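There are 2 protein chains.
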Amino acid sequence: MKSDTGTRQLTAKGRATRDRIVAAAAGLMYERGVAATTTEDIQRAAEVKSPSQLYHYFGDKRTLVQAVIQYQIEQVLAFQRPLLSRLDSFESLQAWRDAVVEVQRARNCEGGCPLGSLAAELSDVDPGAREQLMAGYGQWEDAVRDGLASMRERGELDAAADPGRLALALLTALQGGLLMTQNRRDTLALETVLDAMIDRIRIHAVTQRAPAS
Amino acid sequence: MKSDTGTRQLTAKGRATRDRIVAAAAGLMYERGVAATTTEDIQRAAEVKSPSQLYHYFGDKRTLVQAVIQYQIEQVLAFQRPLLSRLDSFESLQAWRDAVVEVQRARNCEGGCPLGSLAAELSDVDPGAREQLMAGYGQWEDAVRDGLASMRERGELDAAADPGRLALALLTALQGGLLMTQNRRDTLALETVLDAMIDRIRIHAVTQRAPAS
Numbered sequence: 001m002k003s004d005t006g007t008r009q010l011t012a013k014g015r016a017t018r019d020r021i022v023a024a025a026a027g028l029m030y031e032r033g034v035a036a037t038t039t040e041d042i043q044r045a046a047e048v049k050s051p052s053q054l055y056h057y058f059g060d061k062r063t064l065v066q067a068v069i070q071y072q073i074e075q076v077l078a079f080q081r082p083l084l085s086r087l088d089s090f091e092s093l094q095a096w097r098d099a100v101v102e103v104q105r106a107r108n109c110e111g112g113c114p115l116g117s118l119a120a121e122l123s124d125v126d127p128g129a130r131e132q133l134m135a136g137y138g139q140w141e142d143a144v145r146d147g148l149a150s151m152r153e154r155g156e157l158d159a160a161a162d163p164g165r166l167a168l169a170l171l172t173a174l175q176g177g178l179l180m181t182q183n184r185r186d187t188l189a190l191e192t193v194l195d196a197m198i199d200r201i202r203i204h205a206v207t208q209r210a211p212a213s
Numbered sequence: 001m002k003s004d005t006g007t008r009q010l011t012a013k014g015r016a017t018r019d020r021i022v023a024a025a026a027g028l029m030y031e032r033g034v035a036a037t038t039t040e041d042i043q044r045a046a047e048v049k050s051p052s053q054l055y056h057y058f059g060d061k062r063t064l065v066q067a068v069i070q071y072q073i074e075q076v077l078a079f080q081r082p083l084l085s086r087l088d089s090f091e092s093l094q095a096w097r098d099a100v101v102e103v104q105r106a107r108n109c110e111g112g113c114p115l116g117s118l119a120a121e122l123s124d125v126d127p128g129a130r131e132q133l134m135a136g137y138g139q140w141e142d143a144v145r146d147g148l149a150s151m152r153e154r155g156e157l158d159a160a161a162d163p164g165r166l167a168l169a170l171l172t173a174l175q176g177g178l179l180m181t182q183n184r185r186d187t188l189a190l191e192t193v194l195d196a197m198i199d200r201i202r203i204h205a206v207t208q209r210a211p212a213s
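Residue numbers (the UniProt record's numbering), protein chains in the order written: chain A, 1 to 213; chain B, 1 to 213.
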């Protein structure tokens, strides 16, 4: 794999062009998939004059895909972090669930998870992409685990609660919910699986009883 | 969309050729994705002499994809049905969970769900494929819902249990688990989310208490 020139040796103008290419490629790959996005499509969408400019910044498509994955991880975490950083009560879990559902509605249930779409397409065919996405998921998971660990430390969850397992289950349920939202064009599966997971976490609630339904 | 010639007007030999093309296309699309699979790849894998034979049976790629989706729905249900048809106790839920995990291990955690991979790639770009996959998921979901409804009728689940919602949540969790298995190359996320969902269903268990962890 050729290495990304990154942003190190670039002028401000060069950085802006590079960022424009990554954002355009990310948008197209999110809409159509990586394989269905051609260099020409990206060149056109990024308003870059020649294919040689793309090669100048990224060498090959795989290196550009690497930059797109990094971009999408940052985008997802930028949206999720303000919510995840205070994900340490059942109220905030509920607010996070509502925000995730709202985002899907706002985009007409299209697109699915930017990381999940890349993971589904690339995990089997690009080992580097697979690991990069796994690391991105790991950052998300750690943030949720920390919030649940705080709840346990404060005595809101009982000692049997395993923040690591609950965070992994919640992330995994979210991935399924986003995929099913994309397939169903409605948020019912997403809502249902997130509610089920929050109910699962609630088994450990110290001050609240598990709900009857 | 041109219509599939189907199997109606075909001779036995024609049917065999058609089936071979569909199976070869399904295998390649599962490994690489739909967009990354060319007509030439399929022709070679199916050991078909000329591209015109592919056109004879399927007209265009979209029609072939339609046949591939049908094939994968049948494959998934053929594997799942014997397990799902008796999914009416916590023991059978556990056995189903173990069987699903075992299948992933046996294939080195590669590939993900044959329906999920197609859904992730096609839901936004091929409305017909999206609806066909949704109907496939629906068949799976109905089988699980019926099993949970039997448990409720026999009094093993309380009256507050909603078999439809629980089945949808379980299917959605499974989809997330299969995607994460593909990305992580291990079954931990799959096991964790299925265990979480079975624990969630267990909240309604009449003869058993919800587990402490």
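Cβ coordinates follow ideal geometry from the N, Cα and C atoms, glycine included. A quick note: this is a predicted structure, and the numbers were derived from the prediction, not measured.
Asked	Found
Just mark residue 44 of chain A as buried or exposed, buried being the case when its beta carbon has 16 or more other beta carbons within 10 Å.	exposed
Using 8 Å as the limit for Cβ to Cβ distance, is residue 17 of chain A near chain B?	no
Could you tell me the alpha carbon to alpha carbon distance between residue 194 of chain B and residue 134 of chain A, rounded to whole angstroms?	20 Å
Give the residues of chain B in contact with residue 134 of chain A, contact being defined as C-beta atoms less than 8 Å apart.	183 and 184
List, in order along the chain, the chain A residues whose C-beta lies closer than 7 Å to that of residue 110 of chain B?	124
Counting beta carbon pairs with one atom in the region 41-56 of chain B and one in the region 134-144 of chain B, are three or more of them shorter than 8 Å?	no
If you reduce the DSSP assignment to three classes, tell me which class residue 2 of chain B lands in.	Legend: pLDDT at residue 2 of chain B = 46, less than 50; position of this residue unreliable, no value from coordinates given.
So, do the region 98-110 of chain A and the region 179-188 of chain A have three or more beta carbon pairs nearer to each other than 8 Å?	yes
Based on DSSP bridge pairs, tell me the residues matched to residue 205 of chain B.	B:157
Does any heavy atom of the ligand FAD sit closer than 7 Å to the C-beta of residue 131 of chain B?	The ligand content of the structure shown is nil, which means the ligand FAD is not present either.
Under 8 Å between beta-carbons, which chain A residues line up against residue 188 of chain B? List them in chain order, please.	168
In its own chain, which residues sit with a C-beta less than 6 Å from the C-beta of residue 78 of chain A, not counting the 5 before and 5 after it?	none
Nearest chain A C-beta to residue 71 of chain B closer than 8 Å, yes or no?	no
When you compare the region 18-26 of chain A with the region 69-83 of chain A, are there three or more beta-carbon pairs, one atom per stretch, that lie closer than 8 Å?	yes
Are the C-beta atoms of residue 40 of chain B and some chain A residue less than 8 Å apart?	no
Just how far apart, CA to CA, sit residue 55 of chain A and residue 122 of chain B?	29 Å
Just the C-alpha distance for residue 144 of chain B and residue 205 of chain A, rounded to the nearest angstrom, thanks.	28 Å
Helix or strand or just coil, what does DSSP make of residue 35 of chain A?	coil
Taking 8 Å as the CB-CB limit, is residue 98 of chain B close to chain A?	no
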